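Novice: Let me begin by handing over the structure; questions about it come next.
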Ligand code: IDP
Ligand code: MG
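Residue numbers (full-length UniProt numbering): 1 to 239.
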């Protein structure tokens, strides 16, 4: 298991713990790449927090993180702030490309992320310039299809979105399916709704770093909305 996966697994476990621990307070999440442990401050909720952390230790990754966390003296958690300004939920950048928009697949695609339990935190419709498309796909600039790809992305409206949730970067890619729709599994967005690689209807960030970069490229920080969804306690609580 790579250290990146370990980090993201422990962050996810922390986020879930905090969701339990913050039943009566507002839950915040941010796209900042901060250590969850460093970000946690509580108001008089430490005993509950600690017992909640204890229960959450179901994986090796989270257990090792948790033992470290519990060893931190209570005083290390400043108890001043009212709100838990805490463990980020992961965020990913998802775009419905011009073919998906023109084919009337916006609601179909959004509903797959929504029904899974992920939370929409930013959305806009935009026709990107070719220069912007080149920035978005900069890592593919040596590929023979780069120019056509950027022409295509800038040829019409794109739905740009940020989705939030535990494991949303990796699982978002699973929902999307393989790059070439001929190889995408049935049940995935590309598997069910697209046929060729040049018109595969959707983009999704492929890792934490690209997610961060792409969100920053497409959205201003103030475009991202922090809110608590009513569904969160039903999606994330554990027994
Ligand atoms: P991804 O979208 O699954 O992350 P990437 O390899 O990052 O796949 O490629 C970006 C986009 O470039 C693809 O979604 C697809 O639209 C296009 N693309 C990838 N490979 C080819 C190809 O071989 N021919 C034409 N277009 C391609
Ligand atoms: Mg890609």
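Note that the Cβ used here is the ideal one computed from N, Cα and C, for glycine as well. Values in this document were obtained by computation on a predicted structure and should not be read as measured data.
Is DSSP giving residue 153 helix, strand or coil here?
Specialist: Three-state result, residue 153: helix.
Novice: Given 8 Å as the limit, is there contact between the segment 118-132 and the segment 181-201, that is, 3 or more CB pairs closer than that?
Specialist: No contact exists between the segment 118-132 and the segment 181-201.
Novice: Compare the C-alpha of residue 125 against each of 230, 111, 218 and 210 and name the closest.
Specialist: Comparing Cα-Cα distances from residue 125 to each of 230, 111, 218 and 210, the minimum goes to 218.
Novice: To the nearest angstrom, how far is it from the Cα of residue 181 to the Cα of residue 239?
Specialist: Rounded to whole angstroms, residue 181 to residue 239 spans 39 Å at the Cα level.
Novice: Could you give the DSSP three-state label for residue 43: helix, strand or coil?
Specialist: Any reading at residue 43 must be qualified, since the residue scores a pLDDT of 32, below 50, and its modelled position is unreliable; the value itself is stated next. Reduced to three states, the DSSP call for residue 43 is coil.
Novice: Any contact between the segment 205-225 and the segment 157-174? By contact I mean 3 or more CB pairs, one from each, below 8 Å.
Specialist: Yes, since at least three Cβ pairs between the segment 205-225 and the segment 157-174 fall closer than 8 Å, the two stretches touch.
Novice: Using the beta-carbon count (16 or more within 10 Å), is residue 163 buried or exposed?
Specialist: Classification for residue 163: buried.
Novice: Roughly how many angstroms separate the alpha carbons of residue 176 and residue 202, rounded to a whole number?
Specialist: Cα-Cα distance, rounded: 7 Å.
Novice: Is there at least one non-hydrogen atom of the ligand MG closer than 7 Å to the beta-carbon of residue 180?
Specialist: No, the ligand MG has no heavy atom inside 7 Å of this Cβ.
Novice: Under 7 Å Cβ to Cβ from residue 194, same chain only, skipping five residues before and after it: list those, please.
Specialist: Only 181, 200 and 201 meet the Cβ criterion.
Novice: Which residue wins for smallest C-alpha separation from residue 104, given the options 92, 178, 157 and 139?
Specialist: Residue 104 has its Cα closest to that of 157, out of 92, 178, 157 and 139.
Novice: In angstroms with no decimal places, state the Cα-to-Cα distance between residue 151 and residue 224.
Specialist: Each residue's Cα considered, the two are about 28 Å apart.
Novice: From residue 235 to residue 112, what distance separates their C-alpha atoms?
Specialist: Answer to the nearest angstrom: the Cα atoms are 15 Å apart.
Novice: For residue 170, which three-state DSSP category applies?
Specialist: Helix at residue 170.
Novice: Rounded to the nearest angstrom, how far is the Cβ of residue 94 from that of residue 100, given a contact under 8 Å?
Specialist: No, residue 94 and residue 100 are not in contact; Cβ-Cβ is about 11 Å, not under 8 Å.
Novice: DSSP beta-bridge partners for residue 215?
Specialist: DSSP output for residue 215 lists no bridge partner at all.
Novice: How is residue 90 classed by DSSP in three states: helix, strand or coil?
Specialist: Correct three-state label for residue 90: coil.
Novice: Going along the chain, which residues of its own chain have a beta-carbon closer than 7 Å to the beta-carbon of residue 109, five neighbours each way excluded?
Specialist: Cβ neighbours of residue 109 beyond the five flanking positions: 96, 100, 189 and 202.
Novice: Using CA coordinates, which residue listed in 130, 204, 136 and 127 is at the minimum distance from residue 174?
Specialist: Minimum Cα distance to residue 174 is reached at 204.
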